[in-house]
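Asks: Before anything else, here's the structure in question.
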Amino acid sequence: MFDRPERGERAILVRIGLGQPPDADELAEFDALARSAGAIPVSTVTGSRRIPEPRYFVGSGKAEEIRERAEAEKAEIVLVDHELSPSQERNLERLTGRRVLDRAGLILDIFARRARSAEGKLEVELAQLRHLSTRLVRGWTHLERQKGGIGLRGPGETQLETDRRLIGKRIRTLAARLEKLARRRDTGRQERKRVPVPGVALIGYTNAGKSTLFRALTGADAYVADQLFATLDPTVRRLRLPHTPDFVVADTVGFVRDLPHELVAAFRSTLMEAREADLLIHVVDAADPERDQRIAQVDELVASIGAEAIPQLRVFNKIDRMGRVPELVRDAAGRPSAVWLSAASGAGVGLLQDALQEIFGQAAMWLAVVLPPSQGRLRARLYELRLVHAEEAMEDGNTRLVVESSPQELVLLCHAAGVEFGTAVSPCLPAPGFVEFGRDAASSAA
Numbered sequence: 013m014f015d016r017p018e019r020g021e022r023a024i025l026v027r028i029g030l031g032q033p034p035d036a037d038e039l040a041e042f043d044a045l046a047r048s049a050g051a052i053p054v055s056t057v058t059g060s061r062r063i064p065e066p067r068y069f070v071g072s073g074k075a076e077e078i079r080e081r082a083e084a085e086k087a088e089i090v091l092v093d094h095e096l097s098p099s100q101e102r103n104l105e106r107l108t109g110r111r112v113l114d115r116a117g118l119i120l121d122i123f124a125r126r127a128r129s130a131e132g133k134l135e136v137e138l139a140q141l142r143h144l145s146t147r148l149v150r151g152w153t154h155l156e157r158q159k160g161g162i163g164l165r166g167p168g169e170t171q172l173e174t175d176r177r178l179i180g181k182r183i184r185t186l187a188a189r190l191e192k193l194a195r196r197r198d199t200g201r202q203e204r205k206r207v208p209v210p211g212v213a214l215i216g217y218t219n220a221g222k223s224t225l226f227r228a229l230t231g232a233d234a235y236v237a238d239q240l241f242a243t244l245d246p247t248v249r250r251l252r253l254p255h256t257p258d259f260v261v262a263d264t265v266g267f268v269r270d271l272p273h274e275l276v277a278a279f280r281s282t283l284m285e286a287r288e289a290d291l292l293i294h295v296v297d298a299a300d301p302e303r304d305q306r307i308a309q310v311d312e313l314v315a316s317i318g319a320e321a322i323p324q325l326r327v328f329n330k331i332d333r334m335g336r337v338p339e340l341v342r343d344a345a346g347r348p349s350a351v352w353l354s355a356a357s358g359a360g361v362g363l364l365q366d367a368l369q370e371i372f373g374q375a376a377m378w379l380a381v382v383l384p385p386s387q388g389r390l391r392a393r394l395y396e397l398r399l400v401h402a403e404e405a406m407e408d409g410n411t412r413l414v415v416e417s418s419p420q421e422l423v424l425l426c427h428a429a430g431v432e433f434g435t436a437v438s439p440c441l442p443a444p445g446f447v448e449f450g451r452d453a454a455s456s457a458a
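Take this note's numbering: the last position of the sequence shown gets the number 458, and nothing is skipped along the way.
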């Protein structure tokens, strides 16, 4: 085993093109991944092969070049932008005398650094243990062999079995705890369904600007940084727009090509926010020269989690880097299909709000609401949302409110307050009509 410093490890990056020369953009992304993990790339080794070499993946000659480059640059770790088998990883470590980490292990390390919530930490640990369970070799070299002499006989290879048993037990424990948390989330989700609240999930390639857009939309104090996987734990906030029912917006983890299967399986809490959403806002880095490939990769991952049937609104972010003006694009039916904006400067965010209002909102109208004295909470809620334009005390003790709202929004508000909806909704002005709420749910149950 190799000692690992906390940060600042000098790293050799390895990228091999299979059947073609290595892609420069993919190599740049891997460099960004390495820096996000705290590594300091000091040299890059590239090459091409028709198929991976069974022993080192990269071929014996290229493996020797990696060893020489690591010694010359005094590198402490070798990062390989491919998925290595346990034996390939072990063989490279023996040859170079340095730690070797493949792409999956690097992404897992980044997730371990960034997870903040208790559930996120459990998910990362579970993914790491599943990844580690196939790499339990030479972890206890001082106990591997039987030696002569009293007190020098060790358990030998049974230590490996002990490690596997302990890791298996820990994996089962974590899976059970996550399943309990998932049931708790499902319970909360079912409660929210009793009072339907539309849900929106921000998805997109990592570092596309989802958290910046989330902050611009909701005002939430979301963590924003120019680095890959800055956001891991799902963040959900309520968004209120004029003449639109309240809906929730979720900021999710960024996608990336070749995302490890362990993470896709483990990060159910984040992925569930996307699967349960009524609308996916697909955030795209408009200035990325590979944006079409990024869009295709995100769509592929969306399909892999079973969310391909959910409607998408595409948001092309970072137009300030292109010199493009904000724009709301519509499809052939006149519905919003894409928005060009800059979340950092705020240019075009209003267009996105207009699009959301058009998608979720209904035409607002003047309505008259008559509430009994027992419905003070609903009256306060209507004032809190700034929907009330006039109030009148009636002779029978009820209160007549003139509100500006859509009928759908008013039904949701009344449902949330436990109020029975009485007569049909009708316009209040110029011919005042009344929306009667004669009883609350408790009195009707009695």
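The beta carbon of each residue, even a glycine, is placed where N, CA and C say it ideally should be.
Who are the near neighbours of Q32 in its chain, counting only those whose CB is closer than 6 Å to its CB and skipping five residues on each side?
Replies: Closer than 6 Å at Cβ, skipping near neighbours: no residue.
Asks: List the whole-angstrom C-beta distance separating R115 from V92, where the pair is believed to meet the contact cut-off of C-beta under 8 Å.
Replies: About 7 Å; that satisfies the 8 Å criterion.
Asks: Do G73 and I28 have their C-beta atoms closer together than 7 Å?
Replies: Cβ distance not < 7 Å, so G73 and I28 don't count as in contact.
Asks: Kindly provide the ranges of any beta strand (DSSP E) runs that are 3 or more residues long and lie completely inside the segment 282-323, ordered along the chain.
Replies: List check, beta strand (DSSP E) in window: 291-297.
Asks: Excluding five sequence neighbours on each side, which residues of the same chain lie with their C-beta closer than 8 Å to the C-beta of E302?
Replies: So the qualifying residues of the chain are D37.
Asks: Rounded to the nearest angstrom, how far is the Cβ of V54 from that of E105, given a contact under 8 Å?
Replies: Between E105 and V54 the Cβ distance is about 18 Å, and since that is not below 8 Å, they are no contact.
Asks: Would you give the residue range spanned by the alpha helix (DSSP H) that V63 belongs to?
Replies: The amino acid at residue 63 is misidentified as Val; the sequence shows Ile. First-last for I63: undefined, no H or E at that position.
Asks: State the Cα-Cα distance for the pair P393 and I322, rounded to the nearest angstrom.
Replies: Residue 393 is actually Arg in this sequence, not Pro. Answer to the nearest angstrom: the Cα atoms are 31 Å apart.
Asks: In the DSSP assignment, what are the bridge partners of L379?
Replies: In the DSSP output, where bridge partners are listed per residue, L379 has V415.
Asks: Cα-Cα, which of A289, L214, P210 and A367 is closest to V296?
Replies: Comparing Cα-Cα distances from V296 to each of A289, L214, P210 and A367, the minimum goes to L214.
Asks: Sort out for me which residues DSSP pairs D43 with in a bridge.
Replies: Note: D43 sits in no beta bridge, so no partner.
Asks: Is the distance from the Cβ of V314 to the Cβ of V351 below 7 Å?
Replies: Contact flag unset, no.
Asks: Do the CB positions of L186 and L134 come within less than 7 Å of each other?
Replies: Yes, the pair counts as a contact, with Cβ atoms nearer than the cut-off.
Asks: Comparing C-alpha positions only, which one of G362, D366 and V415 sits nearest to V382?
Replies: Of the listed residues, the one whose Cα sits closest to V382 is V415.
Asks: Could you tell me which residues DSSP puts in a beta bridge with T461?
Replies: Residue 461 is absent from the structure shown; the chain starts at 13 and stops at 458.
Asks: Please state whether DSSP places P34 in a helix, a strand or coil.
Replies: DSSP places P34 in coil when its eight states are reduced to three.
Asks: Output yes or no for whether 7 Å exceeds the beta carbon distance between A286 and A319.
Replies: Yes, Cβ-Cβ distance for A286 and A319 is below 7 Å.
Asks: Taking the alpha-carbon of L120 as reference, which of E88, R110 and G132 has the nearest alpha-carbon?
Replies: Ranking the options by Cα distance to L120, first place goes to G132.
Asks: Where does the unbroken beta strand (DSSP E) through G211 begin, and where does it stop?
Replies: G211 to G216 is the extent of the beta strand (DSSP E) around G211.
Asks: Using DSSP's beta-bridge definition, name the partner residues of K251.
Replies: Contrary to the premise, residue 251 reads as Leu rather than Lys in this sequence. BP columns for L251 point to F259.
Asks: So, with DSSP's three-state summary, where would you put I78?
Replies: The answer is helix: DSSP assigns I78 an H, G or I state.
Asks: The beta strand (DSSP E) that contains V361, what's its start and end?
Replies: Looking at the DSSP string, V361 is not in any beta strand (DSSP E); the run it does join, the alpha helix (DSSP H), is V361 to F372.
Asks: Taking the beta carbon of Y217 as the centre, do at least 16 other beta carbons fall within 10 Å, making it buried, or is it exposed?
Replies: Under this definition Y217 is a buried residue.
Asks: Assign G151 to one of three DSSP states: helix, strand, or coil.
Replies: Reliability fails at G151, whose pLDDT of 48 lies under 50, so the model's placement of it is uncertain and the value that follows must be treated cautiously. Looking at G151 - three-state DSSP - the assignment turns out to be coil, as it is neither helix nor strand.
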